[in-house]
Amino acid sequence: MASSAATSSMFLSSLLLLLLLVGGSMAQLSPQSFYSNSCPNLLPTVKNVVQAAIQKEPRIGASILRLFFHDCFVNGCDGSLLLDDTSSFIGEKNAAPNFQSARGFEVIDNVKTAVEKACPGVVSCADILAIAARDSTSILGGPSWNVRLGRRDARTASQGAANNSIPQPTFNLNRLMSSFSAVGLSTNDMVVLAGAHTIGQARCTNFRARIYNETNVDATFAQNRRSSCPRASGAGDNNLAPLDLQTPTKFDNNYYVNLVSRKGLLHSDQQLFNGGATDSAVRRYSSNPGQFAADFAAAMIRMGNIKPLTGMNGEIRKNCRVRN
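All the letters of the sequence shown, read from the start, carry residue numbers -27 to -1, 1 to 297 under mature numbering (1 follows the signal peptide of the UniProt record, and there is no 0).
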């Protein structure tokens, strides 16, 4: 009996330890009030810098939002994308999905400088990016949400994971769904988060094949886009076109209206409305801007919860581009 009791006690202790370890590995984030004592002016500080940047260049809001997407899809929302390459360190900035297209790093630098001046060594770059993405959305007319906080910054990055994990503009619907599923996001999360393409621009290289080779595209739309994107590779490759032609700097639901009209700029965009499983969601958001705003905010919170570093994991970088 004594042996049985000891064995039972040992089992319960082991089970409790396992639960604690599992709970710790889930890395729960904290409410938006996480820094209320350690950095009470954090939120207005971030917003002021982001607001000034968007007033100077409205497109930068979309760029910041995209940085957050690309950071979260590669080993979680840990600020790894912000790290520069060095002679002994290869980061994610030169991975194919980011090379010559990821931008807005200077704005995050400016936010970090302002935050460090107010409360040095307290707020992570990963949290700053999460807040800046929310502020960019709301400043451009989209929804706001309470950003969960407490992320810490990665000491590592993975160019290979960036190449493999970030959804590409050439993906079909199944590959898009698989990419989102791999990070724990649902098909509806995918459709609603794609609505971020209501702002921002794309390079000719990313939509040339669509406007010249695809049939599920409005003919007039394709013809207009061809004027700044020649068929020949190498000609106008970096010319830009708005992802949402009508309201390119306003965060609204017009992206979905365009898809229903076969005016999605990227192949991956139009895949969401091409006779497949996501058509109904696209139609719903095209006619219900309030539902889109609410669902987008909720999906951004879920995306922000992807594998954050918390507790004693990672670090609080002094400079977002460099490990301490």
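By construction, the Cβ of each residue, glycine as well, lies at the ideal position given by its N, Cα and C atoms.
With fewer than 16 other Cβ atoms inside 10 Å of its own Cβ, Lys29 counts as exposed.
Beta bridge pairing from DSSP links Leu282 with Arg125.
DSSP, reduced to helix, strand and coil, places Thr59 within a strand of the structure shown. By the Cβ criterion, the segment 83 to 98 is in contact with the segment 124 to 134, since at least three pairs of Cβ atoms, one from each stretch, lie closer than 8 Å.
Rounded to whole angstroms, Ser3 and Ile112 show a C-alpha spacing of 24 Å. Using a Cβ distance threshold of 9 Å, Ala195 and Tyr185 count as a contacting pair. Under the DSSP assignment, Leu213 falls in the beta strand (DSSP E) whose first and last residues are Leu213 to Pro215. Distance from the CA of Met276 to the CA of Glu89, rounded to the nearest whole angstrom, comes to 26 Å. A check of alpha carbon separations from Ser259 across Thr86, Gln244 and Tyr229 identifies Tyr229 as the nearest. Shown here, Glu187 sits in coil according to DSSP, grouped into three states, outside any helix or strand. By the neighbour-count definition (other C-beta atoms within 10 Å, threshold 16), Gln1 is an exposed residue. According to the DSSP assignment, Gln28 belongs to the alpha helix (DSSP H) that extends over Leu15 to Lys29.
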